[in-house]
DNA sequence: GCCTAGGATGGGAACGGTTCCATAGATCTC
DNA sequence: GAGATCTATGGAACCGTTCCCATCCTAGGC
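Protein chains in written order, with UniProt numbering: chain V, 1 to 343; chain S, 1 to 343.
The structure is reproduced here in structure tokens:
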């Protein structure tokens, strides 16, 4: 039990000497080939490992076998709750399969994104999960061409063949619009962050426009702005929408959680009463029940998304799935109705 | 510009051959010893690297020199916004110094905590930032004794000498109590998660009790409960507090962000009006302005805390600071007054 | 009883870097 | 102009593993 703490790390060779066996045998013991070792030897090795407090050096392991047991993840904004929840489930899924996760936050900066991609490559990660702009940079292409499996979260990319996991964006917009219509709203403002470079934003925006075109009883408009705290542009856009003469009941549809937060702040500042003016946001946040009468949201199955991403990687890691055609997995959103869509 | 994408990774030897030099020279070029190389050779090497799209293998690098350029971070709950903000700044600080961050989420599970610690050790991380229960497990001690610098975030540990970075907990409680008194509240309920194993929770609780004892005009009580969504225990505790006969104005003080969230939910369900019953929470959350009249909070300087943690590690990484005595860095909180403490 | 199969074990070459030490040539010193 | 010093470069050992291949031993087949 009480192991003498080795001054530094002990090596496989020291274990071998201590147990009076060869390092090959110790390696076999550790590498899941115990069945090839006699019980007596197994016991001796186990004792030596215990005694020395030995821990295999993953660096050295990765060097020889090429298996770093590392998965890389690129996150556009780690302070975004959606990203964090997905990150959480990705990490759990990795760990369950014996991989560790190297997380890189890009802060939405393409430069950092490229740097981090290069960095992940230098650690020889065995797969990469990307939740970021993911423009087809040279680094990304190099990674893909060199055989590292890649999964794109929430955004797709035409130029690189990678699996894509995310929300059924069109379905989510449909669900949102159906709900708003059912609740009697007839004039909808769709607020989004700039859709460039994020395919899911494009998809949602596009679908919103389609719905508008299909429903003659409905009017609407869109506002695409960079979201920052206390943005004047946003406040003005919202002020314009709510103060304009409109016989039809108004509602605001937010393209993601960050938009919902900023819109809620702005509406609060403008003194707009939620419900009378409808508000519906994509992404569930843990405070949505607390703001005013509660904000209606469309929850993404973040858990499932994260798991599916890792599942995808694992399949490509195994020889047969290596170069299957790119797959796309889409999940349906779940509506959580609250007071903000109750007139 | 258009590099032929090497089928797999190219090695330093291939670069050397391509440039017609020895791998020693290439290694020198990469390792910041360019001044020892003739300009001609530098140019040839640079060209070869470019041509082959070479990236040094960090695994191999770490093997010989023992410098993995990796920092490990243990996070108790990655879905906690405070943890995420700190994580964010730790990551930035690491990256600024050429280190990468290996993040492990323990989900508040001591078993996972030990596992992850062992894992970090196996990747030969050069330092560890711990924001978790951090009971002095064998793994933690082994890590410390073997010379890996350790920084504890937000919690201290008697048994292991590590630097500690966090909030000035007593000062924060003082600030909170002063504010509540000033606003006329005279009967305070302090709600916390169970303080066992988290020294900062203990410290805050202790200080609250001291303040209570020191101020005769004040009455108060404490409630320590595990916080889960829609906890009955919490609801009952709050119900008891707000419905009990009390001539003195009541306020609730929440020990951290998670408590604030759950308490806000429970008060919402009970129909309690904020302000009349005061509410003040430690940890700023980005929705606090939106709930009811806005929730007054004590913001932690998360940015500074993360930076200080990495700073600490870096100092110990350099030879002189190696075994300086453990240091403790405390930061003051910042009060953000909102409607929930306005009667 | 000899040859072979097969299981248990060990030796040593990789893996992709870093780093110590040696060497060749150029410059300097007296 | 010979010996010393310095600079630019290369050779080779080493870091801690894995894995191929060789060796030894025992047991089985005829």
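The beta-carbon is built from N, C-alpha and C at its ideal position, and this holds for glycine as well.
C-alpha gap between residue i and residue j, whole angstroms
{"i": "residue 266 of chain V", "j": "residue 225 of chain V", "result": "13 Å"}
{"i": "residue 219 of chain S", "j": "residue 198 of chain V", "result": "55 Å"}
{"i": "residue 173 of chain S", "j": "residue 120 of chain S", "result": "35 Å"}
{"i": "residue 117 of chain S", "j": "residue 209 of chain V", "result": "51 Å"}
{"i": "residue 147 of chain S", "j": "residue 8 of chain V", "result": "8 Å"}
{"i": "residue 213 of chain V", "j": "residue 195 of chain V", "result": "20 Å"}
{"i": "residue 251 of chain S", "j": "residue 83 of chain S", "result": "27 Å"}
{"i": "residue 151 of chain S", "j": "residue 57 of chain S", "result": "28 Å"}
{"i": "residue 187 of chain V", "j": "residue 202 of chain V", "result": "21 Å"}
{"i": "residue 66 of chain S", "j": "residue 61 of chain V", "result": "14 Å"}
{"i": "residue 15 of chain V", "j": "residue 115 of chain S", "result": "21 Å"}
{"i": "residue 313 of chain S", "j": "residue 70 of chain S", "result": "12 Å"}
{"i": "residue 181 of chain S", "j": "residue 328 of chain S", "result": "30 Å"}
{"i": "residue 88 of chain V", "j": "residue 87 of chain S", "result": "13 Å"}
{"i": "residue 46 of chain S", "j": "residue 319 of chain V", "result": "36 Å"}
{"i": "residue 107 of chain S", "j": "residue 258 of chain S", "result": "14 Å"}
{"i": "residue 323 of chain S", "j": "residue 127 of chain S", "result": "14 Å"}
{"i": "residue 325 of chain S", "j": "residue 129 of chain S", "result": "17 Å"}
{"i": "residue 310 of chain V", "j": "residue 292 of chain V", "result": "38 Å"}
{"i": "residue 3 of chain V", "j": "residue 64 of chain V", "result": "Caution applies to residue 3 of chain V, whose pLDDT of 38 falls short of 50 and renders its modelled position unreliable; the value that the coordinates give is listed next. Looking at the two C-alpha atoms, the distance is approximately 29 Å."}
{"i": "residue 184 of chain S", "j": "residue 288 of chain S", "result": "21 Å"}
{"i": "residue 278 of chain V", "j": "residue 223 of chain V", "result": "16 Å"}
{"i": "residue 233 of chain S", "j": "residue 167 of chain S", "result": "28 Å"}
CB contact check: residue i to chain S, cutoff 7 Å
{"i": "residue 62 of chain V", "result": "yes"}
{"i": "residue 59 of chain V", "result": "yes"}
{"i": "residue 84 of chain V", "result": "yes"}
{"i": "residue 122 of chain V", "result": "yes"}
{"i": "residue 264 of chain V", "result": "yes"}
{"i": "residue 146 of chain V", "result": "yes"}
{"i": "residue 78 of chain V", "result": "yes"}
{"i": "residue 276 of chain V", "result": "no"}
{"i": "residue 129 of chain V", "result": "no"}
{"i": "residue 187 of chain V", "result": "no"}
{"i": "residue 93 of chain V", "result": "no"}
CB of residue i within 7 Å of CB of residue j, strictly
{"i": "residue 102 of chain V", "j": "residue 53 of chain V", "result": "no"}
{"i": "residue 170 of chain S", "j": "residue 207 of chain S", "result": "yes"}
{"i": "residue 74 of chain S", "j": "residue 132 of chain S", "result": "yes"}
{"i": "residue 299 of chain S", "j": "residue 284 of chain S", "result": "yes"}
{"i": "residue 160 of chain V", "j": "residue 142 of chain V", "result": "no"}
{"i": "residue 253 of chain V", "j": "residue 190 of chain V", "result": "yes"}
{"i": "residue 165 of chain V", "j": "residue 12 of chain V", "result": "no"}
{"i": "residue 200 of chain S", "j": "residue 155 of chain S", "result": "yes"}
{"i": "residue 239 of chain V", "j": "residue 270 of chain V", "result": "yes"}
{"i": "residue 296 of chain V", "j": "residue 341 of chain V", "result": "yes"}
{"i": "residue 34 of chain S", "j": "residue 42 of chain S", "result": "yes"}
Helix, strand or coil at residue i [DSSP, three-state]
{"i": "residue 151 of chain V", "result": "strand"}
{"i": "residue 278 of chain V", "result": "strand"}
{"i": "residue 330 of chain V", "result": "strand"}
{"i": "residue 127 of chain V", "result": "strand"}
{"i": "residue 243 of chain S", "result": "helix"}
{"i": "residue 161 of chain V", "result": "coil"}
{"i": "residue 272 of chain S", "result": "coil"}
{"i": "residue 297 of chain V", "result": "strand"}
{"i": "residue 100 of chain S", "result": "strand"}
{"i": "residue 85 of chain S", "result": "helix"}
{"i": "residue 72 of chain S", "result": "strand"}
{"i": "residue 258 of chain V", "result": "helix"}
{"i": "residue 220 of chain S", "result": "strand"}
{"i": "residue 108 of chain V", "result": "coil"}
{"i": "residue 229 of chain V", "result": "coil"}
{"i": "residue 343 of chain V", "result": "coil"}
{"i": "residue 335 of chain V", "result": "strand"}
{"i": "residue 290 of chain V", "result": "coil"}
{"i": "residue 305 of chain V", "result": "helix"}
Closer than 7 Å to chain V by CB, residue i
{"i": "residue 88 of chain S", "result": "yes"}
{"i": "residue 282 of chain S", "result": "no"}
{"i": "residue 203 of chain S", "result": "no"}
{"i": "residue 268 of chain S", "result": "yes"}
Problem - Whole alpha helix (DSSP H) elements within the UniProt domain "HTH lacI-type" (10-65) of chain V, 4-residue minimum - result: As far as the UniProt domain "HTH lacI-type" (10-65) of chain V is concerned, its whole alpha helix (DSSP H) runs of at least 4 residues are 12-19, 23-30, 39-52 and 58-65.
Problem - Whole beta strand (DSSP E) elements within the segment 167-213 of chain V, 3-residue minimum - result: The segment 167-213 of chain V contains these whole beta strand (DSSP E) runs: 187-192.
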